[in-house]
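So the sequence lines, in the order shown, correspond to chains P and A. According to our numbering, the first sequence is numbered sequentially starting from 1. According to our numbering, the second sequence is numbered sequentially starting from 224.
Number of protein chains: 2
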Amino acid sequence: MTLEPIARFHAPFGENFGIPRQSGLVESLRGEIRFEPRYRQSEAFRGLEGFDYIWILWGFDRNRRESGSWHATVRPPRLGGNRSEGVFATRSPYRPNPIGLSSVRLERIDPDSCTLYVRGADLADGTPIYDIKPYLAYTDAHPDAAGGWTDSCAWSELQVVFPEEVRRLLPEEDAATLQRILAQDPRPHYQNDPDKVYGMSFAGYEIKFRVDTPTLTVISAEK
Amino acid sequence: MTLEPIARFHAPFGENFGIPRQSGLVESLRGEIRFEPRYRQSEAFRGLEGFDYIWILWGFDRNRRESGSWHATVRPPRLGGNRSEGVFATRSPYRPNPIGLSSVRLERIDPDSCTLYVRGADLADGTPIYDIKPYLAYTDAHPDAAGGWTDSCAWSELQVVFPEEVRRLLPEEDAATLQRILAQDPRPHYQNDPDKVYGMSFAGYEIKFRVDTPTLTVISAEK
Numbered sequence: 001m002t003l004e005p006i007a008r009f010h011a012p013f014g015e016n017f018g019i020p021r022q023s024g025l026v027e028s029l030r031g032e033i034r035f036e037p038r039y040r041q042s043e044a045f046r047g048l049e050g051f052d053y054i055w056i057l058w059g060f061d062r063n064r065r066e067s068g069s070w071h072a073t074v075r076p077p078r079l080g081g082n083r084s085e086g087v088f089a090t091r092s093p094y095r096p097n098p099i100g101l102s103s104v105r106l107e108r109i110d111p112d113s114c115t116l117y118v119r120g121a122d123l124a125d126g127t128p129i130y131d132i133k134p135y136l137a138y139t140d141a142h143p144d145a146a147g148g149w150t151d152s153c154a155w156s157e158l159q160v161v162f163p164e165e166v167r168r169l170l171p172e173e174d175a176a177t178l179q180r181i182l183a184q185d186p187r188p189h190y191q192n193d194p195d196k197v198y199g200m201s202f203a204g205y206e207i208k209f210r211v212d213t214p215t216l217t218v219i220s221a222e223k
Numbered sequence: 224m225t226l227e228p229i230a231r232f233h234a235p236f237g238e239n240f241g242i243p244r245q246s247g248l249v250e251s252l253r254g255e256i257r258f259e260p261r262y263r264q265s266e267a268f269r270g271l272e273g274f275d276y277i278w279i280l281w282g283f284d285r286n287r288r289e290s291g292s293w294h295a296t297v298r299p300p301r302l303g304g305n306r307s308e309g310v311f312a313t314r315s316p317y318r319p320n321p322i323g324l325s326s327v328r329l330e331r332i333d334p335d336s337c338t339l340y341v342r343g344a345d346l347a348d349g350t351p352i353y354d355i356k357p358y359l360a361y362t363d364a365h366p367d368a369a370g371g372w373t374d375s376c377a378w379s380e381l382q383v384v385f386p387e388e389v390r391r392l393l394p395e396e397d398a399a400t401l402q403r404i405l406a407q408d409p410r411p412h413y414q415n416d417p418d419k420v421y422g423m424s425f426a427g428y429e430i431k432f433r434v435d436t437p438t439l440t441v442i443s444a445e446k
């Protein structure tokens, strides 16, 4: 089966750095779904405005291995890279068919441009999107479902020190969202160098920070 | 993006007739996911046994329109075919990229054949499967999410008359599952002819029934 992108995702990140590891982890994070010209028909979205959440089926286009190669096991970042699980027991991007699945909150639809405004996504800027579906709680929601190995290893969040003189440079909503992103530990896996200065672009700002686990300290924010 | 099937679904139906309209509607319905030879590696499923539910990403291969064609609106069977909604506001198979998404209960994994035994699927026999992912309640479950137009039109189930002399021909579990399938109204949309005898193959039996709405009467079951 051949899939053609129907839309692209637009995220407030300059690169992959900082993207939440799953949808919903940073609920306030804004994003936009912009459709390809041939799908910009407002009738195609009729009725969608009544749904709180939508599914996005998207392509892991930045994480693709050589075509056709796959590995039976992966080392989830959540397990600190020390343990491996079967690829089908994880949401890893390194899978036989690199399709991502994310539920996001639908905030608003612009009927003229057919842009969907969403919150809580875990997609990089420019990600190709292959399908949008309404979220149906009666068939999609299993709140008490056992989550296997993920149930016994909660994320440990970082404590974020965000000095007031840096924080006030950003609009309040962006500052609050940034704090949630930083608490999720955006460092590449398994790094721990308290002297290293990390840079991350977010919402038009270049953010610099250091991490001395479990504390992350924001150093600067520049336009 | 080109997708290759990693597995096929095996359902107890002889053809499309009787397949539930969404996953979970017939919770007891059994099915099997049988992997292609190159994916039959037990390590690829390590850790999956701890999850109650899995996602299946699959192909609407029996409902495909001519390649490249799409319609902005569809008439959901749930609305009786009288009203149309935007294709992206429905789970219709007739969509730009014909990928289906279903959460099913994972009952058991056979480690030798790497077969997954599931319940509650809405897939036809032979359906190609492109990905299997673990269901993660913390990111996938939104039990209170508003469901737009679907919230105001509950399925009206049929009342099933299943005479004891026919029912006892089937194993009890199959009979109970069949009753749930028939209650969902497996007729092609918008048909209502009380004299018509419908046939459906299920679990090795050829089932015959009539429908005089809101009552469905099972006539016979033959091996």
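Here a beta-carbon is modelled for each residue, glycine too, at the ideal position from N, C-alpha and C.
> Can you name the start and end residues of the beta strand (DSSP E) that Asp-110 (chain P) belongs to?
Replying inline: Counting from one through the first sequence, the residue named residue 110 (chain P) turns up at place 110. Unbroken beta strand (DSSP E) run through Asp-110 (chain P): 99-110.
> Of all the residues that make up the stretch 76-93 of chain P, which are near chain A by a beta-carbon distance shorter than 8 Å?
Replying inline: Ser-84, Glu-85, Gly-86, Val-87, Phe-88, Ala-89, Thr-90, Arg-91
> What separation, rounded to the nearest whole angstrom, lies between the Cα atoms of Gly-18 (chain P) and Arg-231 (chain A)?
Replying inline: Within the first sequence, numbered from 1, the residue matching residue 18 (chain P) stands at position 18. Within the second sequence, numbered from 1, the residue matching residue 231 (chain A) stands at position 8. Near 37 Å, if we compare the C-alpha coordinates of Arg-231 (chain A) and Gly-18 (chain P).
> If we cut at 8 Å on Cβ distances, does Glu-107 (chain P) have a partner in chain A?
Replying inline: Here residue 107 (chain P) is taken as the residue at index 107 of the first sequence, counted from 1. With 8 Å as the cut-off, Glu-107 (chain P) does not count as an interface residue toward chain A.
> Going along chain A, which residues have a C-beta under 9 Å from Glu-4 (chain P)?
Replying inline: By one-based count along the first sequence, residue 4 (chain P) stands at place 4. Simply Met-224, Gly-291, Pro-319, Asn-320.
>> So, for Leu-3 (chain P): in the same chain, excluding its five sequence neighbours on each side, which residues have a beta-carbon less than 7 Å away from its beta-carbon?
In response: Your numbering for residue 3 (chain P) matches position 3 in the first sequence. Same-chain partners within the cutoff: Tyr-130.
>> Among P:Leu-101, P:Leu-158, P:Phe-202, P:Cys-114, whose alpha-carbon lies nearest the alpha-carbon of Pro-171 (chain P)?
In response: The residue labelled residue 171 (chain P) in the question sits at position 171 within the first sequence. The candidate whose alpha carbon is nearest that of Pro-171 (chain P) is P:Phe-202.
>> Buried or exposed for Gly-427 (chain A), going by 16 or more other Cβ atoms inside 10 Å?
In response: Along the second sequence, one-based indexing puts residue 427 (chain A) at 204. By the 10 Å Cβ count, Gly-427 (chain A) comes out exposed.
> By how many angstroms is the C-alpha of Leu-178 (chain P) removed from the C-alpha of Gly-323 (chain A)?
Replying inline: In the second sequence, the residue the question calls residue 323 (chain A) occupies position 100. In the first sequence, the residue the question calls residue 178 (chain P) occupies position 178. Between Gly-323 (chain A) and Leu-178 (chain P), the C-alpha separation is close to 34 Å.
>> Applying the 10 Å Cβ sphere with the 16-neighbour rule, what's the burial state of Glu-27 (chain P)?
In response: Counting from one through the first sequence, the residue named residue 27 (chain P) turns up at place 27. So Glu-27 (chain P) ends up on the exposed side.
> Do three or more CB pairs link the stretch 214-223 of chain P to the stretch 358-371 of chain A at distances below 8 Å?
Replying inline: no
> Using CA coordinates, which residue listed in A:Asp-363, A:Asn-415, A:Val-434 is at the minimum distance from Phe-385 (chain A)?
Replying inline: Position 162 of the second sequence, counting from 1, holds the residue named residue 385 (chain A). For the residues A:Asp-363, A:Asn-415, A:Val-434, the minimum Cα distance to Phe-385 (chain A) belongs to A:Val-434.
> Do the stretch 41-53 of chain P and the stretch 96-113 of chain P touch if we need at least three Cβ pairs shorter than 8 Å?
Replying inline: yes
>> Rounded to whole angstroms, what is the Cα-Cα separation between Arg-314 (chain A) and Leu-252 (chain A)?
In response: On the second sequence, residue 314 (chain A) is found 91 positions in, with the first residue counted as 1. On the second sequence, residue 252 (chain A) is found 29 positions in, with the first residue counted as 1. Their Cα atoms are separated by approximately 20 Å.
> Would DSSP call Phe-236 (chain A) helix, strand or coil?
Replying inline: Taking the first residue of the second sequence as 1, we reach residue 236 (chain A) at position 13. It is a strand residue.
> Using the beta-carbon of each residue, which ones in chain A are nearer than 7 Å to Arg-46 (chain P)?
Replying inline: Position 46 of the first sequence, counted from the first residue, corresponds to residue 46 (chain P). Under the 7 Å cutoff, chain A gives Thr-296, Glu-308, Gly-309, Ala-312.
>> If you measure between the beta carbons of Ala-234 (chain A) and Ala-344 (chain A), is that distance less than 8 Å?
In response: By 1-based counting over the second sequence, the position of residue 234 (chain A) is 11. By 1-based counting over the second sequence, the position of residue 344 (chain A) is 121. Yes; because the gap between Cβ atoms is below 8 Å, this pair is in contact.
> Excluding the five sequence neighbours on either side, which residues of its own chain have a C-beta within less than 8 Å of the C-beta of Val-298 (chain P), listed in chain order?
Replying inline: Because chain P is modelled from 1 through 223, residue 298 (chain P) falls outside the range shown and cannot be assessed.
> By the criterion of Cβ-Cβ separation under 7 Å, what are the contact partners of Tyr-117 (chain P) in chain A?
Replying inline: What you label residue 117 (chain P) is simply residue 117 of the first sequence in a count that begins at 1. Result: empty, since nearest Cβ-Cβ is about 15 Å, beyond 7 Å.
> What are the start and end residues of the beta strand (DSSP E) that includes Asp-131 (chain P)?
Replying inline: Within the first sequence, numbered from 1, the residue matching residue 131 (chain P) stands at position 131. Run containing Asp-131 (chain P): 128-134, per the beta strand (DSSP E) assignment.
> Whose C-beta lies closer than 8 Å to the C-beta of Thr-245 (chain A) among residues of the same chain, with five residues either side of it excluded?
Replying inline: Mapped onto the second sequence, residue 245 (chain A) falls at position 22. Here the sequence assigns Gln to residue 245 (chain A), which means Thr is not the residue at that position. Excluding positions up to five away in sequence, the list reads Arg-314, Ser-325, Asp-345.
> So what does DSSP say about Gln-22 (chain P), is it helix, strand or coil?
Replying inline: Within the first sequence, numbered from 1, the residue matching residue 22 (chain P) stands at position 22. Three-state result, Gln-22 (chain P): coil.
>> Taking DSSP's pairing of strands, which residues face Thr-440 (chain A) in a bridge?
In response: The residue labelled residue 440 (chain A) in the question sits at position 217 within the second sequence. In DSSP, Thr-440 (chain A) forms a bridge with A:Val-384, A:Arg-433.
> Where are the beta strand (DSSP E) runs, 3 residues long or more, that stay fully inside the stretch 370-429 of chain A, in chain order?
Replying inline: 382-384, 421-425
> Rounded to a whole number of angstroms, what is the C-alpha to C-alpha distance between Asn-82 (chain P) and Tyr-198 (chain P)?
Replying inline: To locate residue 82 (chain P), count along the first sequence from 1; it is residue 82. To locate residue 198 (chain P), count along the first sequence from 1; it is residue 198. The straight-line gap from Cα to Cα measures roughly 24 Å.
>> Could you give the first and the last residue of the continuous alpha helix (DSSP H) run that contains Thr-139 (chain P)?
In response: For the purposes of this step, residue 139 (chain P) is taken as residue 139 along the first sequence, with counting starting at 1. Looking at the DSSP string, the run of the alpha helix (DSSP H) that includes Thr-139 (chain P) is 137-140.
>> I'd like to check one pair, His-365 (chain A) with Ala-44 (chain P): are the Cβ atoms closer than 8 Å?
In response: By one-based count along the first sequence, residue 44 (chain P) stands at place 44. By one-based count along the second sequence, residue 365 (chain A) stands at place 142. Contact flag unset, no.
> Can you give the Cα-Cα distance for Arg-391 (chain A) and Gly-254 (chain A), rounded to whole angstroms?
Replying inline: For the purposes of this step, residue 391 (chain A) is taken as the residue at position 168 of the second sequence. For the purposes of this step, residue 254 (chain A) is taken as the residue at position 31 of the second sequence. Approximately 23 Å, taken between the alpha carbons.
>> Mapping the DSSP letters down to three states, classify Arg-38 (chain P) as helix, strand or coil.
In response: If you number the first sequence from 1, residue 38 (chain P) lands on position 38. Arg-38 (chain P) falls in the helix class under three-state DSSP.
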